[in-house]
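Engineer: The sequence shown begins at 10 in this note's numbering and counts up by one.
Backbone N, C-alpha and C define an ideal beta-carbon position, used for all residues, glycine too.
First, the structure itself, so that you have it in front of you.
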Amino acid sequence: MYGFGQVVGIPAVLMRGGTSKGLILRTCDLPSDRGLRDQIILRMFGSPDSNQIDGLGGGSSLTSKLALVGPPSIPEAHIDYTFGQVSLDKNIIDYKVTCGNLTAAVGLYAAEEGYVALTEPITEVKIYNTNIDKMIIAEIPVENGAIQYEGQFSIAGVPGESSKIMLNFPDAGGTFTRKTLPTGNAVDTVQVSGGRRIEISIVDCVNTIVFVDARDVGLAGTELRAAINGNAALLDTLEQIRVAGGRLAGLIRPDEPVGPGTHSLPKIVIVAEPADYVTSAHEMIRAADIDILSRYISMGGLHKAHAVGGALALAAACQIPGTIPNRLAASSGSAVRIGHPSGTMYAEAAVARTASSDWLVTRAACGRTARRLMAGDAYIPAAVLASAN
Numbered sequence: 010m011y012g013f014g015q016v017v018g019i020p021a022v023l024m025r026g027g028t029s030k031g032l033i034l035r036t037c038d039l040p041s042d043r044g045l046r047d048q049i050i051l052r053m054f055g056s057p058d059s060n061q062i063d064g065l066g067g068g069s070s071l072t073s074k075l076a077l078v079g080p081p082s083i084p085e086a087h088i089d090y091t092f093g094q095v096s097l098d099k100n101i102i103d104y105k106v107t108c109g110n111l112t113a114a115v116g117l118y119a120a121e122e123g124y125v126a127l128t129e130p131i132t133e134v135k136i137y138n139t140n141i142d143k144m145i146i147a148e149i150p151v152e153n154g155a156i157q158y159e160g161q162f163s164i165a166g167v168p169g170e171s172s173k174i175m176l177n178f179p180d181a182g183g184t185f186t187r188k189t190l191p192t193g194n195a196v197d198t199v200q201v202s203g204g205r206r207i208e209i210s211i212v213d214c215v216n217t218i219v220f221v222d223a224r225d226v227g228l229a230g231t232e233l234r235a236a237i238n239g240n241a242a243l244l245d246t247l248e249q250i251r252v253a254g255g256r257l258a259g260l261i262r263p264d265e266p267v268g269p270g271t272h273s274l275p276k277i278v279i280v281a282e283p284a285d286y287v288t289s290a291h292e293m294i295r296a297a298d299i300d301i302l303s304r305y306i307s308m309g310g311l312h313k314a315h316a317v318g319g320a321l322a323l324a325a326a327c328q329i330p331g332t333i334p335n336r337l338a339a340s341s342g343s344a345v346r347i348g349h350p351s352g353t354m355y356a357e358a359a360v361a362r363t364a365s366s367d368w369l370v371t372r373a374a375c376g377r378t379a380r381r382l383m384a385g386d387a388y389i390p391a392a393v394l395a396s397a398n
C-alpha cells in the first residue's frame, strides 16, 4: 500500500475463475485491522452501489467476489484462501460462504506466483480455504516446465476453450454445519406465507444448499433469467423457503433479520427432471444429455450458469436416497450432468453412510477454467484511511 497524492494504491490481480470474476488481494498488502481492511475493499469494488460504477466490481454477484490470499497457515497447504462475497448495495462483505469457481483462479494464481513448484504433467496446488476450514486441491496442467494455458476444455457460460483445471474437494460433507444432512433428514417441510407447506432437502457439501422441486414453486425447471428474476412473487417465495431452511440448518437464528444481501448461506436451488430446453445462448439441450435440471439462486437472482459449490452439493444429493434431487435425477452414478441456464456442467461425487447415520462425501470434483485478466494497483481515496483513524 502506498500514497499517490490524494489516493492510495494497493496491488491487486483481477482474475476469472469458472463463471465468476473477482479481485485477488494479498493479506500482506492490507491492514491487519479487519474493519479498516473491509472498508478499503468495499471502496475498491465500488460498494455499496448496485452498479459499482466507481469501483472494480461488475455490478453483479458473479463479478463482486474477493479472494484474500497469503502464505499457508497449515503445513499441508501451499496457500491460504479466504473468500468474500462483496455486497452490491450494502456495506458488507460476507465471509460465511465459499466460491468454487474463484478457487480455480486462486489455484492458477498460486502456480503463477510461485507458491508451489511446477511439476509435469499436473501440479497439485493445495489450497487451505479458511472459510470452511478445509483443503481444496486444484490440478494445474504443466508442460515443458510452464503452465499450460491452451487446451480444448470449455465450460458453459464462458466463451472459448482453454486447459482444464480440475478442482477436488475431499471430505466436503458438512462444510458449514458439520453434517452432510444438517437436520438429519433427507426431506424437511417448511411453511411460507398463506400457510402453504413445501418440501425441501438441505445438503451441506462445499456450500449449504436448500433444494426445492420446481413443480412446488410453479416452475418447469427450464426457465431462464427473465422468467425468474422478473417474478417478484416467486423470488419472495424462494427467499422465504431459503430462510426457513437456513433456520432449520442452524445457519440463521430465529430472531435474526435476513435478506439476500446479508446472508449468502444457505443457497437455494430449484431442481427438476431432465427435459429439453433452450439455453440463454439459444442452444438446444436435450433431456437425454443431462441427468437433472438445476437453477441456482445467488443473492436474490438466478445465476447465469451454475456455481461449483451448488453443483457439487447437487452431485452428492443425487446419491443420497430420499432427497429431492435423488428422486428427480435420471442417473444414480457418481457423475452427474447438470442442465443450467447457460448449458451443461459435469460434476462428480462419492458418498458413504457413516456410523452416525449421516453421509460422508469422500470425493466432490469438477473441471473449471481460469485466466488472469489484469494485474496492477487498485486505487482508493486516501480519505477512506483518514476516516478510520
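Within a Cβ cutoff of 8 Å, which residues of the same chain sit near E85, ignoring the five residues on either side of it in sequence?
Structural biologist: As a working note, residue 85 is residue 76 in the sequence shown. Answer for E85: K135, Y137, M144, listed in chain order.
Engineer: Under three-state DSSP, which class holds I88?
Structural biologist: By 1-based counting over the sequence shown, the position of residue 88 is 79. Looking at I88 - three-state DSSP - the assignment turns out to be strand.
Engineer: Pick out the complete alpha helix (DSSP H) segments inside the region 187-271, 4 residues or longer, and give them in chain order.
Structural biologist: With a minimum length of 4 residues, the continuous alpha helix (DSSP H) runs that stay inside the region 187-271 are 234-238, 241-257.
Engineer: Can you have a look at I62 and say buried or exposed, based on whether 16 or more other CB atoms are within 10 angstroms of its CB?
Structural biologist: Locating residue 62 in the sequence shown gives position 53, counting from the first residue. Counting Cβ neighbours within 10 Å, I62 comes out exposed, since fewer than 16 surround it.
Engineer: Per DSSP, what kind of secondary structure is L323 in: helix, strand or coil?
Structural biologist: In the sequence shown, counting from the first residue as 1, residue 323 sits at position 314. Reduced to three states, the DSSP call for L323 is helix.
Engineer: Three or more C-beta pairs under 8 Å: does that hold for the region 22-36 against the region 109-121?
Structural biologist: As far as the Cβ criterion goes, the region 22-36 touches the region 109-121, which means the pair count is three or higher.
Engineer: Would you say I294 and G348 are within 8 Å of each other, going by their C-beta atoms?
Structural biologist: Here residue 294 is taken as the residue at index 285 of the sequence shown, counted from 1. Here residue 348 is taken as the residue at index 339 of the sequence shown, counted from 1. Yes.
Engineer: Is it the case that the Cβ atoms of I149 and I156 are separated by a distance below 8 Å?
Structural biologist: Taking the first residue of the sequence shown as position 1, residue 149 is located at position 140. Taking the first residue of the sequence shown as position 1, residue 156 is located at position 147. Cβ distance < 8 Å, so I149 and I156 count as in contact.
Engineer: Bridge partners of T353, per DSSP?
Structural biologist: As a working note, residue 353 is residue 344 in the sequence shown. G348, per the DSSP bridge assignment.
Engineer: Out of curiosity, what's the CA-to-CA distance linking G319 and V201?
Structural biologist: Within the sequence shown, residue 319 is the residue found at index 310, counting from 1. Within the sequence shown, residue 201 is the residue found at index 192, counting from 1. Each residue's Cα considered, the two are about 23 Å apart.
Engineer: Counting pairs of beta carbons, one from the region 241-250 and one from the region 172-192, are three or more of them closer than 8 Å?
Structural biologist: Touching, no, given that fewer than three Cβ pairs across the two stretches are closer than 8 Å.
Engineer: Grouping DSSP H, G and I as helix and E and B as strand, with all else coil, what is A379?
Structural biologist: Residue numbering aside, residue 379 sits at position 370 when the sequence shown is read from its first letter. If DSSP states are grouped into helix, strand and coil, A379 belongs with the strands.
Engineer: Please go through the same chain and pick out, in chain order, the residues whose beta-carbon is closer than 8 Å to the beta-carbon of D98, but skip the five residues on each side of it.
Structural biologist: For the purposes of this step, residue 98 is taken as residue 89 along the sequence shown, with counting starting at 1. Answer for D98: S56, P57, D58, S59, G270, listed in chain order.
Engineer: Rounded to a whole number of angstroms, what is the C-alpha to C-alpha distance between T246 and D225?
Structural biologist: By 1-based counting over the sequence shown, the position of residue 246 is 237. By 1-based counting over the sequence shown, the position of residue 225 is 216. C-alpha separation (whole angstroms): 11 Å.
Engineer: Could you tell me which of P275, S340, I50 sits nearest to V106, measuring between CA atoms?
Structural biologist: The residue given as residue 106 occupies position 97 in the sequence shown. Considering only alpha carbons, the answer is P275.
Engineer: Within 8 Å, do at least three Cβ pairs link the region 346-364 to the region 81-96?
Structural biologist: No, the region 81-96 does not touch the region 346-364.
Engineer: Should G352 be labelled buried (16 or more other beta-carbon atoms within 10 Å of its own) or exposed?
Structural biologist: Taking the sequence shown and counting its residues from 1, the one referred to as residue 352 is at position 343. Classification of G352: buried, given that the 10 Å Cβ count is 16 or more.
Engineer: Taking the beta strand (DSSP E) that T139 belongs to, which residues open and close that run?
Structural biologist: As a first step, residue 139 must be located in the sequence shown, where it is residue number 130. Segment: none, T139 is in no beta strand (DSSP E) and carries neither H nor E.
Engineer: How many angstroms separate the CA atom of A405 from the CA atom of L127?
Structural biologist: In the structure displayed, the chain extends from 10 to 398; residue 405 sits before or after that span and is not available.
Engineer: With burial defined as no fewer than 16 other Cβ atoms inside 10 Å of the residue's Cβ, what is the status of S366: buried or exposed?
Structural biologist: Position 357 of the sequence shown, counted from the start, is the residue given in the question as residue 366. When all chains shown are included, S366 counts as exposed.
Engineer: Do you know how far the Cα of P330 is from the Cα of R336?
Structural biologist: Here residue 336 refers to the residue found at position 327 of the sequence shown. Here residue 330 refers to the residue found at position 321 of the sequence shown. Whole-angstrom Cα-Cα distance: 8 Å.
Engineer: Taking the beta strand (DSSP E) that G31 falls in, what are its first and last residues?
Structural biologist: Here the question's residue 31 lines up with position 22 in the sequence shown. Residues 29-35.
Engineer: Taking the alpha-carbon of A339 as reference, which of V151, G230, I299, P179 has the nearest alpha-carbon?
Structural biologist: Start at 1 with the first residue of the sequence shown, and residue 339 comes out as number 330. If we check each option's Cα against that of A339, I299 comes out closest.
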